[in-house]
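Residue numbers (this note's numbering): 24 to 348.
What follows is the structure, given as structure tokens:
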């Protein structure tokens with residue numbers, strides 16, 4: 024009887040120890056995003072976090088701490104590099120000062136799978152490593168594109184010359200190529216700048232914000248430009264705490280399985296954004312076929328020409344071949 028009790032106790036203790044060991048082995052990473060959790064554009068981040076935590080339950084947990092309320096978005100990449108944050112979900116243009124070639128992924132009209140087939144994401148892994156960052160991959164949003172929103176009507180893109188347009192860094196060369204005056208501002212300052220006449224328009228996607236700008240926006244120009252995609256960057260020391268096998272499985276899962284799913288999952292959010300634009304009464308300024316072709320050419324050529332002044336021209340040509348040619 025005593026032996027049976029001891030045996031049962033031993034089994035319970037062994038099971039408890041095994042559970043404790045398993046729990047101790049789970050690695051937790053703190054994550055920030057350049058947008059708030061509640062922003063429409065964060066939908067892909069929600070799906071990314073949930074999918075990683077479900078797929079690697081017991082091995083890796085991503086703790087999404089928040090967005091700009093936690094940290095200045097333009098400082099997040101540095102925080103990841105110096106180890107004060109483990110991981111960040113970033114707009115590529117927000118850390119171009121640290122990785123000058125990072126905005127290249129936006130300067131394209133290709134889908135995620137077309138880009139992945141070129142080896143672009145492997146090349147970006149090498150480039151980020153040279154800058155002290157681990158590049159996990161992309162949360163793609165190919166169909167989330169960008170428009171110029173205006174208060175006053177224009178009939179052609181040539182009439183944008185001299186107008187003050189809010190930009191984020193990636194689209195600055197394009198707006199300058201149109202002859203307008205680009206001004207880099209955080210998203211949170213757009214409304215006030217429009218209201219006060221500091222800017223006459225801005226470049227933005229059309230996800231979940233239109234009703235907030237009804238007083239200051241009346242028009243938007245089509246066609247849209249570029250593609251959206253958000254980089255997942257990790258602190259190398261934090262990444263090295265994962266066993267090599269887990270590193271490989273996480274990266275492969277994101278790049279080969281999850282990212283294509285995420286890329287195809289934006290349509291409900293896009294439809295909602297388009298409906299909000301319509302409900303807000305914004306009117307489309309549709310460029311003629313000839314003007315639209317010129318507009319798109321300026322968008323791509325100006326951005327790539329500019330990037331070639333910021334990085335090795337041979338690297339710029341290499342990346343352009345993957346993303347455009």
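We put the beta carbon where it would ideally sit given N, CA and C, even for glycine.
query, result
"Test item: CB-CB of residue 76 and residue 82 under 7 Å", "no"
"Any non-hydrogen atom of the ligand ATP within 6 Å of residue 149 CB", "As for the ligand ATP, it is missing from this structure, which has no ligand bound."
"Given residue 174 as reference, the closest of 243, 118, 110 once Cα atoms are compared", "243"
"Residue 254 - partner residues in DSSP beta bridges", "113, 161"
"Inter-residue CB distance, residue 208 and residue 187 (contact presumed, cutoff 8 Å)", "About 10 Å separates the two Cβ atoms, so there is no contact after all."
"Segments of 3+ residues assigned as beta strand (DSSP E) that fall wholly inside the segment 183-229", "187-190, 204-207, 224-227"
"Alpha helix (DSSP H) segments (min. 4 residues) lying fully within the segment 237-309", "259-263, 267-275, 282-287, 290-302"
"First and last residue of the uninterrupted alpha helix (DSSP H) at residue 71", "66-78"
"Contact check, residue 260 vs residue 160, beta carbons under 7 Å", "no"
"Three-state class that DSSP yields for residue 128 in the structure shown", "helix"
"The segment 234-251 / the segment 264-281 touching (three or more Cβ pairs under 8 Å)", "no"
"Validate contact between the segment 261-268 and the segment 90-101 using beta carbons, cut 8 Å, 3 pairs", "no"
"Sequence-distant residues of the same chain with beta carbon closer than 6 Å to residue 296, five excluded per side", "229, 230, 231"
"Whole-number beta carbon distance between residue 151 and residue 122, since they are thought to touch under 8 Å", "6 Å"
"C-alpha distance - residue 141 paired with residue 109, whole-angstrom precision", "28 Å"
"Outcome for residue 189 when other beta-carbon atoms lying within 10 angstroms are tallied against a minimum of 16", "buried"
"Of the listed residues 291, 238, 92, 329, nearest to residue 64 (C-alpha basis)", "291"
"Proximal residues to residue 69 (C-beta, below 8 Å), its chain only, five neighbours per side dropped", "60"
"Length of the line joining the Cα atoms of residue 1 and residue 309", "Residue 1 lies beyond the range of the chain shown here (24 to 348); nothing can be said about it."
"Residue 108 in three-state terms, based on DSSP", "coil"
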